[in-house]
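Asker:
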Amino acid sequence: MTMKHFSLSLKNLIRKPGRTGTLALLTAFLALAVFGGSVVVLSLRSGLNSLEARLGADIILVPSEAQSKVSFQNMFLQGTTGAFYMDASALDKALEVEGVEKAAPQTFLASLKADCCSIKIQVIGIDPELDFTVQPWIARSLTRELGDMDVAVGCKVEADVGEIIRIYEQRCKVVARLEATGTGLDTAVYCNMDTMNALLAAAEEKGVSHKIESGDSVISAVYVKVKDGCDIDAVNNRLNGHIRKVTAVRTRSMITGVSDSLAGVSRTVTILIVSVWALAFFILLLAFVLIIRERAREFAVLRLVGASRGMLGRMVLLESALCGLLGGLMGVGLAALLLFPFAQLIESALKLPYLMPDAGRVLLLAAGTVLLAVTVAALSSVIAAYRLSRIDPGTALREGN
Amino acid sequence: MAVKAENISKRYFRKTGGANYFYAVKPITLTIEAGEVAVLTGRSGSGKTTLLNMLSGLLKPTEGRVWIDGADLYSLDDRALSRLRGERIGVVPQGRSAIDTLTVLENILLPAKLCGKPLPIEAASQWMERLGVAPLRDARPAALSGGELRRMAIVRALAQSPDILFADEPTGDLDDENTNLVLSAFRDYAHEQKKAVFVVTHENSALQYADMIYRMDGGQIISSAEPK
């Protein structure tokens with residue numbers, strides 16, 4: 001394909017904006033579905049992977065009353081605030097159980113939407129010496145340990161590094177902003193256990209009780225890592241039998257629910273993409289056949305002034321590929337306009353962990369989608385181009401009259 | 402000698418009486434010489450356009466051969482035949498033959514552009530002036546009348562300086578003045594540049610410009626004679 005054919009094809013496209021626009025719109029529809037659907041599915045997968053990484057434990061121990069697993073899950077998935085407490089001795093008891101390699105406590109506290117608190121958030125206290133789930137995440141944004149009254153905030157918390165936030169009248173300094181996880185953990189604030197104890201005391205003064213019957217030393221959950229080679233279900237059963245008023249929940253069972261929902265959404269999106277793909281391909285096929293028929297005389301004229309069959313075929317393919325390129329870019333652009341500014345809205349609508357892929361992956365996906373649009377457009381014109389190349393110019397001129 | 406056709410015919414499949422085919426053109430042998438204007442007349446449906454298309458390499462005959470200066474047109478592959486058509490044959494077809502997305506000048510220069518030849522801008526300008534379409538050079542075909550489109554197609558064919566020019570009803574949309582303008586241009590082109598011109602027409606006025614007149618009926622040439 002030489003420059004002269006390219007310029008002729010380009011003129012055909014530019015000077016017939018209605019025809020070009022219609023073909024490009026059809027392809028844009030395809031690109032929108034493919035790119036948009038893929039970004040949603042990828043974001044959900046990234047969200048699930050991120051959730052898996054952030055939970056980072058095989059088993060989580062929670063007070064039996066918190067076992068209404070839905071609300072417990074919602075804290076991780078949707079960032080619902082809430083708290084439940086159990087005696088801190090649950091940690092030591094967990095470590096006694098055969099097969100437990102590591103155990104780390106976490107304590108939860110929900111701030112209030114009131115004068116005493118700058119924002120309503122979930123506060124999570126960790127023990128830096130024992131923690132093995134949150135610290136690796138914090139370490140990516142903060143090179144030292146969390147000091148007293150220091151907090152690391154999730155990416156969706158409206159507070160900047162260096163800012164002071166008030167939680168139950170206690171002034172906490174934001175020392176790090178954590179990377180996005182696409183889960184409810186992005187709306188939480190993390191502190192060490194000393195800070196958490198100070199906050200619990202302050203909350204108590206404001207009438208938010210965390211007292212439990214057995215004593216003052218409380219925690220909300222224990223994250224358990226099972227030794228390599230041990231049966232996690234067996235350890236889970238042993239924990240349930242060994243510690244009273246506490247329920248051991250396998251993290252996989254939490255993720256299974258999310259994973260099932262994700263599989264459902266993925267299936268729906270895939271069906272949608274395939275349907276749109278097939279429909280767009282069929283419509284494009286039809287459109288090209290009709291357009292080529294409508295342009296039969298134009299092509300016959302090109303033949304009589306020296307264009308070969310191959311030249312015409314290449315011209316048709318080039319024109320359709322250019323339409324595909326334009327439509328692909330339009331579709332990807334439109335999908336980006338719909339997906340990126342409204343990511344939060346999509347996340348809340350899906351009620352699933354949702355983490356946008358990084359820019360490199362998005363660009364790769366966009367390039368792949370545009371390439372697909374170009375290929376589909378070119379492929380759908382192949383039949384028309386072939387039929388066109390079989391017609392004698394003399395016959396075509398006569399039929400076109 | 403410019404063009405020689407030997408026993409060319411065109412048969413189409415169609416139920417006609419007892420047969421399931423009919424001859425649009427029955428076997429014809431014909432020679433068109435360089436430097437002459439040959440005019441083919443005849444009733445509608447007599448096979449004139451089919452014959453012209455076969456002679457100009459646009460329609461493969463069912464039988465027979467067509468030579469242009471020794472080259473057997475239909476033994477060439479499509480690429481070579483297309484190139485020959487673009488470089489050495491000019492065709493003015495019946496009806497509209499403009500590419501709507503190009504301007505008048507772009508349409509005229511299109512054959513040279515497709516063949517990769519130098520653009521005959523000077524020749525194009527001269528023929529455009531002579532046939533009165535120079536002011537329309539930047540217009541798009543949609544803005545032109547039938548007669549203007551016709552003259553544009555004629556300029557397109559002439560500007561490439563083809564060895565042989567085929568014109569199918571070239572004056573169909575033209576008034577008397579423009580008809581004479583076009584026919585005299587054909588005659589001058591043939592005589593001055595020693596090229597062959599083959600015109601299919603209903604117009605009796607064309608006969609006065611002819612060096613050779615053929616009459617066709619029922620797919621056959623029924624007479625050929627030099628004008629008196």
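Line by line, the protein sequences are chains G and U. Counting along the first sequence from 1, when you hit position 16 you're at 16 in our numbering, and nothing is skipped either side. Numbers in our numbering are just positions in the second sequence, counted from 1, shifted up by 401. The beta carbon of each residue, even a glycine, is placed where N, CA and C say it ideally should be.
(1) What is the C-beta distance between residue 303 (chain G) and residue 393 (chain G), in whole angstroms, given that I count them as a contact (C-beta under 8 Å)?
(2) For residue 69 (chain G), which residues of its own chain have a beta-carbon under 6 Å away from its beta-carbon, when the five flanking residues on both sides are left out?
(3) Which word fits residue 411 (chain U), buried or exposed, when buried means at least 16 other C-beta atoms lie within 10 angstroms of its C-beta?
(4) Please name the residue, chosen from G:288, G:41, G:312, G:376, that lies closest to residue 343 (chain G) on a Cα-to-Cα basis.
(5) Taking the alpha-carbon positions, what's the residue 395 (chain G) to residue 534 (chain U) distance?
(6) Count the other C-beta atoms from every protein chain shown that fall within 10 angstroms of the C-beta of residue 471 (chain U), then say buried if there are 16 or more, exposed otherwise.
(7) For the alpha helix (DSSP H) holding residue 514 (chain U), just list the boundary residues, first then last.
(8) Can you grab the Cα-Cα spacing for the pair residue 147 (chain G) / residue 189 (chain G), in whole Å?
(9) My output table needs one value for residue 224 (chain G): the three-state DSSP class, helix, strand or coil.
(10) The segment 568-580 of chain U: which residues have C-beta closer than 8 Å to a C-beta of chain G, in chain order?
(11) State whether the segment 436-455 of chain U contacts the segment 587-598 of chain U, with contact taken as three or more CB pairs (one from each stretch) at a distance under 8 Å.
(12) Taking beta-carbon pairs under 9 Å, can you tell me which members of the segment 424-442 of chain U lie near chain G?
(13) Do residue 15 (chain G) and residue 501 (chain U) count as a contact pair if the criterion is CB distance below 9 Å?
(14) Can you confirm whether the segment 455-466 of chain U touches the segment 516-531 of chain U when touching is taken to mean that 3 or more C-beta pairs between the two stretches lie within less than 8 Å?
(15) List, in chain order, every chain U residue whose beta-carbon is nearer than 9 Å to that of residue 160 (chain G).
(16) CB-CB under 6 Å to residue 475 (chain U), same chain, minus the five flanking residues each way: which ones, in chain order?
(17) Rounded to the nearest angstrom, how far is the Cβ of residue 280 (chain G) from that of residue 25 (chain G), given a contact under 8 Å?
(18) Between the segment 499-521 of chain U and chain G, which residues of the former have CB atoms less than 8 Å from a CB of the latter, in chain order?
(19) Could you work out which residue in G:263, G:289, G:98, G:363 is closest to residue 227 (chain G) when comparing CA atoms only?
(20) Would you say residue 43 (chain G) and residue 341 (chain G) are within 9 Å of each other, going by their C-beta atoms?
(21) Under 7 Å Cβ to Cβ from residue 321 (chain G), same chain only, skipping five residues before and after it: list those, please.
(22) With 8 Å as the limit, tell me which residues of the segment 454-469 of chain U have their beta carbon closer than that to any beta carbon of chain G; keep them in chain order.
(23) In angstroms with no decimal places, state the Cα-to-Cα distance between residue 414 (chain U) and residue 624 (chain U).
(24) Three-state secondary structure (DSSP) at residue 172 (chain G)?
(25) From residue 573 (chain U) to residue 315 (chain G), what does the alpha carbon distance come to, in whole angstroms?
(26) Beta-carbon separation of residue 483 (chain U) and residue 554 (chain U) under 9 Å?
(27) How big is the Cα-Cα spacing for residue 142 (chain G) and residue 36 (chain G)?
(28) Which of the three DSSP states, helix, strand or coil, is assigned to residue 102 (chain G)?
(29) Against residue 309 (chain G), what residues of chain U qualify as contacts under a CB-to-CB distance less than 7 Å, listed in chain order?
(30) Can you pull the chain U residues whose beta carbon is under 9 Å from the beta carbon of residue 374 (chain G), in chain order?
(31) Would the beta-carbon of residue 529 (chain U) fall within 9 Å of that of residue 493 (chain U)?
(32) In chain G, which residues lie less than 8 Å from residue 446 (chain U) when you measure between Cβ atoms?
(33) Can residue 363 (chain G) and residue 261 (chain G) be called in contact, C-beta distance under 9 Å?
(34) I think residue 365 (chain G) touches residue 38 (chain G), with their Cβ atoms under 8 Å apart; what is that distance to the nearest whole Å?
(35) Determine the direct distance from the alpha carbon of residue 432 (chain U) to that of residue 607 (chain U), and round the result to whole angstroms.
Answerer: Result, derived from the coordinates:
(1) 4 Å
(2) With a pLDDT of 47 at residue 69 (chain G), under the threshold of 50, the predicted position of this residue should be treated as unreliable, and no value is reported.
(3) buried
(4) G:41
(5) Cα to Cα, residue 395 (chain G) sits roughly 29 Å from residue 534 (chain U).
(6) The residue in question, residue 471 (chain U), is exposed, as its Cβ has fewer than 16 Cβ neighbours within 10 Å.
(7) 505-516
(8) 14 Å
(9) strand
(10) Listed by position, the residues of the segment 568-580 of chain U near chain G (Cβ gap below 8 Å) amount to none.
(11) yes
(12) none
(13) yes
(14) no
(15) The contacting residues do not exist; residue 160 (chain G) stays about 57 Å from chain U at best.
(16) 461
(17) About 10 Å separates the two Cβ atoms, so there is no contact after all.
(18) 499, 500, 501, 502, 503, 507, 511, 512, 514, 515, 516, 517
(19) G:98
(20) Not a contact, by the Cβ cut-off of 9 Å.
(21) 374, 377, 378
(22) So the close ones are 454, 455, 457, 459, 460, 461.
(23) 27 Å
(24) strand
(25) When only Cα atoms are considered, residue 573 (chain U) and residue 315 (chain G) end up about 32 Å apart.
(26) no
(27) One C-alpha to the other measures close to 34 Å.
(28) strand
(29) Within chain U, the residues near residue 309 (chain G) are 479.
(30) Under the 9 Å cutoff, chain U gives no residues; its nearest Cβ is about 22 Å from residue 374 (chain G).
(31) no
(32) The premise fails here: residue 446 (chain U) is roughly 12 Å from chain G at the closest Cβ pair, so nothing lies under 8 Å.
(33) no
(34) 6 Å
(35) Rounded to whole angstroms, the separation of the alpha carbons of residue 432 (chain U) and residue 607 (chain U) is 20 Å.
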